[in-house]
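A short worksheet on the structure shown next.
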Amino acid sequence: MTETLSYDILIVGSGLAGLRAAITAASKNKNLKIAVLSKVQVMRSHSVSAEGGTAAVLYENEGDNIESHIYDTIKGSDFLADQDVAERLVNAVPSEIIQLDRWGMPWSRRDNGRIDQRKFGGYSFPRATYAQDKVGFYEMQTLYDTCLKYDNIFFFNEWFCTSILHEGNTFQGFTCIEMKNGNFIKVVAPSGIICTGGAGRIYSFSTYAYSSTPDGLDMAYRAGMALKDMEFVQFHPTGILPSGILITEGARGEGGYLINSEGERFMKNYAGEKLELAPRDVVSRSMITEIQAGRGFKHITGADCLKLDLTHLGAERIKEKLAGIREIGIKFSGIDVIDEPIEVRPVCHYMMGGIHSNVDGATEFNGLWVAGEASCNSTHGANRLGANSTSECLVWGTITGELAANHALSKKNTISSTDNHKFLMEEKRIYDGIFRGRGDANPYEIRKNLTDTMDERSYVYRNENDLIEGLKRIRSLKSLSWKHVDDQAKEYNTNFINVMEIDSMMRVAEIVLMGAINRRESRGAHARIDYPNRDDNNFLKHTLAYYNGDREPRMEWHPVVFTRYAPVERKY
Numbered sequence: 001m002t003e004t005l006s007y008d009i010l011i012v013g014s015g016l017a018g019l020r021a022a023i024t025a026a027s028k029n030k031n032l033k034i035a036v037l038s039k040v041q042v043m044r045s046h047s048v049s050a051e052g053g054t055a056a057v058l059y060e061n062e063g064d065n066i067e068s069h070i071y072d073t074i075k076g077s078d079f080l081a082d083q084d085v086a087e088r089l090v091n092a093v094p095s096e097i098i099q100l101d102r103w104g105m106p107w108s109r110r111d112n113g114r115i116d117q118r119k120f121g122g123y124s125f126p127r128a129t130y131a132q133d134k135v136g137f138y139e140m141q142t143l144y145d146t147c148l149k150y151d152n153i154f155f156f157n158e159w160f161c162t163s164i165l166h167e168g169n170t171f172q173g174f175t176c177i178e179m180k181n182g183n184f185i186k187v188v189a190p191s192g193i194i195c196t197g198g199a200g201r202i203y204s205f206s207t208y209a210y211s212s213t214p215d216g217l218d219m220a221y222r223a224g225m226a227l228k229d230m231e232f233v234q235f236h237p238t239g240i241l242p243s244g245i246l247i248t249e250g251a252r253g254e255g256g257y258l259i260n261s262e263g264e265r266f267m268k269n270y271a272g273e274k275l276e277l278a279p280r281d282v283v284s285r286s287m288i289t290e291i292q293a294g295r296g297f298k299h300i301t302g303a304d305c306l307k308l309d310l311t312h313l314g315a316e317r318i319k320e321k322l323a324g325i326r327e328i329g330i331k332f333s334g335i336d337v338i339d340e341p342i343e344v345r346p347v348c349h350y351m352m353g354g355i356h357s358n359v360d361g362a363t364e365f366n367g368l369w370v371a372g373e374a375s376c377n378s379t380h381g382a383n384r385l386g387a388n389s390t391s392e393c394l395v396w397g398t399i400t401g402e403l404a405a406n407h408a409l410s411k412k413n414t415i416s417s418t419d420n421h422k423f424l425m426e427e428k429r430i431y432d433g434i435f436r437g438r439g440d441a442n443p444y445e446i447r448k449n450l451t452d453t454m455d456e457r458s459y460v461y462r463n464e465n466d467l468i469e470g471l472k473r474i475r476s477l478k479s480l481s482w483k484h485v486d487d488q489a490k491e492y493n494t495n496f497i498n499v500m501e502i503d504s505m506m507r508v509a510e511i512v513l514m515g516a517i518n519r520r521e522s523r524g525a526h527a528r529i530d531y532p533n534r535d536d537n538n539f540l541k542h543t544l545a546y547y548n549g550d551r552e553p554r555m556e557w558h559p560v561v562f563t564r565y566a567p568v569e570r571k572y
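Below, the structure is given as structure tokens:
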């Protein structure tokens, strides 16, 4: 007999967005029961890896202002951001910074005790609010400690959600595997929030945790919701080799230089005003251009790279502001950044795309919201500015937590029985189709081939031939007999979880490539050498991808919301 658990609100994902949503919902009404379902232990969520800062306007008396942050975000997006959403972000985030401070967040401070802020790429003012170079970890710790004060928040660590239960377009719950015992469980509620993060592990060279696979995106996609703007993948300029671990933009915010093999600080040739603090898409393209011109270095692995030089900052400043970066350099590159430059290369870091949602974070299903990187409410358009991601998590965690709570209160004690047919179909899909599957292809080799294909065919610079070849390769991998699980144990079967992750990676990688093929222009992080110019006449619009069974996704277009700024040429 199927075990069914009932709650008022279900939150899938325990990163910044999920925890912030849980706190808001729990504080709305102590009688609401909130379940946080996470495939990892809470403090293992990838949000702990955020390093540089959270963008907010704190000091208007010193020259910053709300309108400047709005415009920087819209311009940074290459004018694909929905402008009402950018406005909502900027107006809401300062109070989130203060709220975290009141909950005990150890923000870095000025000598006078006020919260400090540092420079970040694409901004007109230093507004990246930071905590040394571990902002995500400290924000997560602050939110998790705050969650523990609420008796109506229940954590389900190491629960893997596999599908969305729904009646028509009304949300009803999720199906989950409790990893410690392998039980397949139905969890129902009138309200749900997806906070499962991005899909960055569809690339091999990536800053993401290995758990950052597109399970949440794929659940929504298979249920009938659109994935939006998935072709826009952010490549952060400074991933170290060979691991891909991030060197925060805060390193350049503190004054770090990018240098080529001729010892030249080359960003003066590409962004004369902002230099290393141009937006990430601009810096990453500049780096690849330098490498292609023969002015790069060769890493010991054979990979082409450039160098980030922090030596001129001095030991004391590095120890005070960038201690985590120094430790990462020593442990993973064998380089102490106090003494010598470190080798870096653009690395997959963020997905601007995600589950299609509106300015409130509402999905196409009644009773279901999405927040954080899993969402595409079009805050970031074609390119996200650094430090706006943690801002987005906090702001829409709060917004969706309140809306989900209101919805749950209006529907309390009225949860209808879920359609058991959908539960049985999902059980059949994952147990008969994957767990008890048979095949001769090694799933882990398939996963490596998939992620290497994305590295090779859909990187910083793209072209039609590479993208089409990449799509053919993904579809070829998809057709091989890799859906099988050699480990047949019931308890803690990570092999089973891994193969299900690959299943979602296949579908989402296909959408990224199809969106990139269809967008015959260069905009933000999507740069095509065969269509080098931005084309507002034909492509100033969002991409939507809908599930179409075993056939290729159904692709549609969706309008961009303009409220205040017309597109102009983007210069830095």
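Residue numbers for the sequence shown follow the working numbering, so the first one is 1 and each next one is one higher. Note that CB positions come from ideal geometry on N, CA and C, so glycine has one too. As the structure is a computational prediction, the values presented were derived from the model and not from experiment.
query: To the nearest angstrom, report how far apart Thr207 and Phe235 are at their CA atoms.; result: 9 Å
query: Within the same chain, show all residues whose beta-carbon is closer than 8 Å to that of Ile517, passing over the 5 residues directly before and after it, in chain order.; result: Glu464, Leu467, Ile468 and Leu471
query: When the Cα atoms are used, what is the spatial distance from Val12 to Ser77?; result: 28 Å
query: Can you give me the C-alpha to C-alpha distance between Phe79 and Gly353, rounded to a whole angstrom?; result: 15 Å
query: If you drop the 5 nearest sequence neighbours on each side, which residues of the same chain put their C-beta closer than 7 Å to that of Arg507?; result: Asp218 and Tyr221
query: With DSSP as the reference, identify every bridge partner of Trp107, one or two as the case may be.; result: Bridge partners of Trp107: none, in fact.
query: So is Leu403 buried or exposed if we call it buried at 16+ other beta carbons inside 10 Å?; result: buried
query: Could you name each continuous beta strand (DSSP E) segment of 3 residues or more that falls completely within the segment 226-269, going from the start of the chain to the end?; result: 233-240 and 257-259
query: Taking contact to mean 3 or more Cβ pairs, one atom from each stretch, closer than 8 Å, check whether the segment 125-134 and the segment 44-58 are in contact.; result: yes
query: Can you confirm whether the segment 147-160 touches the segment 179-194 when touching is taken to mean that 3 or more C-beta pairs between the two stretches lie within less than 8 Å?; result: yes
query: Are there 16 or more other CB atoms within 10 angstroms of the CB of Gly263, so buried, or fewer, so exposed?; result: exposed
query: Tell me whether the beta-carbon of Ser333 lies closer than 7 Å to the beta-carbon of Ile325.; result: no
query: Near Ser357, which residues of its chain fall below 6 Å by C-beta distance, leaving aside the five closest residues on each side in sequence?; result: Thr363, Val370, Ser375 and Asn377
query: Determine the closest residue to Val85 out of Asp360, Leu148, Ala35 and Tyr431, with distance taken between C-alpha atoms.; result: Asp360
query: Would a C-beta distance cut-off of 7 Å place Met454 and Ile355 closer than the cut-off?; result: no
query: So which of Ser6, Ser204 and Met105 has the shortest CA-CA distance to Asn449?; result: Ser204
query: Using the beta-carbon count (16 or more within 10 Å), is Met267 buried or exposed?; result: buried
query: Just the C-alpha distance for Leu308 and Gly192, rounded to the nearest angstrom, thanks.; result: 43 Å
query: Report the three-state DSSP secondary structure of Cys393 (helix, strand or coil).; result: helix
query: What residues in its chain sit with their C-beta under 6 Å from that of Gly329, if we drop five residues either side in the sequence?; result: Ile335, Val337 and Ile342
query: Beta-carbon within less than 6 Å of Trp396's beta-carbon, same chain only, minus the 5 sequence neighbours each way: which residues are those?; result: Gly361 and Ala371
query: Grab the span of the beta strand (DSSP E) containing Cys348 for me, first residue to last.; result: Ile342 to Met351
query: Which runs of the alpha helix (DSSP H) fall wholly inside the segment 180-218 and span at least 4 residues, in chain order?; result: none
query: Nearest-angstrom Cα distance between Asp151 and Asn31?; result: 10 Å
query: Is Arg280 helix, strand or coil when you go by DSSP?; result: helix
query: Please go through the same chain and pick out, in chain order, the residues whose beta-carbon is closer than 8 Å to the beta-carbon of Ala323, but skip the five residues on each side of it.; result: Gln132 and Asp133
query: Taking C-beta to C-beta, are Leu19 and Ala35 nearer than 7 Å?; result: no
query: State the Cα-Cα distance for the pair Gly401 and Arg384, rounded to the nearest angstrom.; result: 23 Å
query: Output the distance between the C-alpha atoms of Gly583 and Ile247, rounded to the nearest integer angstrom.; result: There is simply no residue 583 to check, as the chain begins at 1 and stops at 572 in what is shown.
query: Take Ser284 and list the residues in its own chain whose beta-carbon comes closer than 6 Å to its own, dropping the five residues that flank it on each side.; result: Phe235, Pro237, Pro346 and Val460
query: Three Cβ pairs or more, each shorter than 8 Å: is that satisfied between the segment 250-262 and the segment 538-546?; result: no
query: Can we say the segment 57-64 touches the segment 142-150, given the rule of at least three CB pairs closer than 8 Å?; result: no
query: How about Leu306 and Gly314: do their beta carbons lie closer than 7 Å?; result: no
query: Can you list, in chain order, the residues of its chain whose CB lies under 8 Å from that of Asp486, leaving out five sequence neighbours each side?; result: Asn495
query: What three-state label does DSSP hand Val568 in the structure shown?; result: coil
query: Applying the criterion that 16 or more other CB atoms from any shown protein chain within 10 Å of the CB defines a buried residue, is Gln117 buried or exposed?; result: buried
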